[in-house]
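> Got a structure for you, written out below as C-alpha cells; questions coming shortly.
Below, the structure is given as C-alpha cells:
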C-alpha cells in the first residue's frame, strides 16, 4: 500500500518535472523470522480493511497503532483508526507526551 506522506515527492511550481515509478513485489518470510511478515503475529489494519497487499510499512504502522491503543486507550489520528476506538486528543499534554514517548522508542 503506498503511503504518500512517507514516500511522497516534492514538485516545484513553475517547473517541468518528470516522475517515473515502477511496481515491485516483496515476499516476507513467515514467523519465526519476525513479526512483520505476510502471515505475521500482529493484525495489519491496512491489509484487513483496505484489501491491500502486505508491506513492512503498513505492518509497522499497524503495530505502532496497537501499542498506542493498548497503553493510551486511544488511537493516533494519523494512522488507521479502527471502528469503536477513541481518537487520542493530541492537545492533551499527558496523552501527547505518551504518544511522543512511544513514537520515539519505535
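In the working numbering, the protein residues as written are 26 to 131. Virtual Cβ for every residue (Gly too), placed ideally from N, Cα, C.
Excluding the 5 residues preceding and the 5 following residue 48 in the sequence, name in chain order all residues of the same chain whose CB lies nearer than 6 angstroms to its CB.
Result list for residue 48: empty, nothing under 6 angstroms.
> Is there contact here, the region 68 to 85 with the region 113 to 122, by at least three beta-carbon pairs under 8 angstroms?
Not touching, per the Cβ criterion.
> Would you mind stating whether residue 71 and residue 103 have Cβ atoms separated by less than 8 angstroms?
Contact flag unset, no.
> Whole alpha helix (DSSP H) runs in the region 57 to 109 with 4 or more residues, listed along the chain?
Whole alpha helix (DSSP H) segments, 4+ residues: 70 to 75, 81 to 97.
> So, at 7 angstroms on beta carbons, what are the nonlocal neighbours of residue 28 in its own chain, with the 5 sequence-adjacent residues on each side left out?
Within the same chain, residue 28 has close Cβ partners 82.
> For residue 90, is the classification buried or exposed, using 16 other Cβ atoms within 10 angstroms of its Cβ as the cut-off for buried?
Buried is the call here.
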